[in-house]
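A short write-up of the structure that comes next.
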Amino acid sequence: MIDQPQPLILSIDTATSCSSVALTRGSRTNGEVLATLSLSSGKTHSRRLLVSIDYIMKETGVDWSHIEAIAVSLGPGSFTGLRIGMATAKGLAFAADKPMIGISTLDGLASKCAPAPWICSVLDARKKEVYAAFYRTDSEGLTAPAGVPVVISPEKLAESLSDSVVMVGDGVTTYGDLWRSLLKDRVLFAPAHLHEPTASSLGLIGKEKFETGD
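Structure representation (structure tokens):
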């Protein structure tokens, strides 16, 4: 059992085949991950999500009185996975009378690469395109969007880059060799373990959105 001096965020990420749930306390500047559990079977089902959430809450001694909000990925990502994640989050939020906070999958990926000054989150959109969004890191070490997300070919994305950038997301797995050949030393790739979206990164961002009312 863990001590809960502050309310917690329960977060759910089902944007890719590696889904996860997490309990976090605090924000990106002062937060911590209390528990996280991955569901990497390649298929996401609402029953498995609920079982996983029940498991991490029981293992940590957390009940619904400790939870202040539920964070969930809005995508982009797998349509089926996102639909199941959203439906599960909405059901829990209604049953427990908790607010639900939607967060971009791309925002969550970028937050794991701070304090890199210029970050590009990229997810494979199939059909030889990627979902992409750019981020700057501010003076507090927090990532902030530098434009709107786009769906773009990997070649055109490379053409749009004038500064050195850190790329993160499963788009790197698919198109990393291409970007390396086109951008040379102007591109760095995040470590492989950061390329999958995670519920824990959503939870830390979710705390900030909850406090600001976004």
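Take the sequence shown: its position 212, counted from the start at 1, is 289 in my numbering, and no numbers get skipped. Quick reminder that beta carbons are idealized off the backbone N, C-alpha and C, glycines included.
Query: C-alpha gap between A99 and L85, whole angstroms; Result: 10 angstroms
Query: Beta bridge counterpart(s) of R102 as assigned by DSSP; Result: L85 and E109
Query: Sufficient close CB pairs (3 or more, under 8 angstroms) joining the segment 213–220 to the segment 267–274; Result: no
Query: Beta-carbon proximity list for A202, same chain, < 6 angstroms, skipping 5 on both sides; Result: Y208 and V228
Query: At least 3 beta-carbon pairs within less than 8 angstroms: the segment 131–138 vs the segment 244–252; Result: no
Query: Contact belief for K205 with S230 at Cβ below 8 angstroms, rounded distance in angstroms; Result: 6 angstroms
Query: Whether A146 touches F266 by CB criterion (7 angstroms); Result: no
Query: Extent of the continuous beta strand (DSSP E) to which E273 belongs; Result: It is not in any beta strand (DSSP E) - E273 carries neither H nor E in the DSSP assignment.
Query: Every unbroken alpha helix (DSSP H) within the segment 160–244, with a cutoff of 4 residues, ordered by chain; Result: 182–188 and 231–236
Query: Whole-angstrom C-beta distance between S150 and P274, which should lie under 8 angstroms; Result: 7 angstroms
Query: K233 versus G152: straight-line alpha-carbon distance, rounded; Result: 22 angstroms
Query: K175 versus C197 - alpha carbon distance; Result: 32 angstroms
Query: Cβ pair G280, A193 closer than 7 angstroms; Result: no
Query: D371 (DSSP reduced to helix, strand or coil); Result: Because the chain in this structure spans residues 78 to 291, residue 371 falls outside the shown range and cannot be described.
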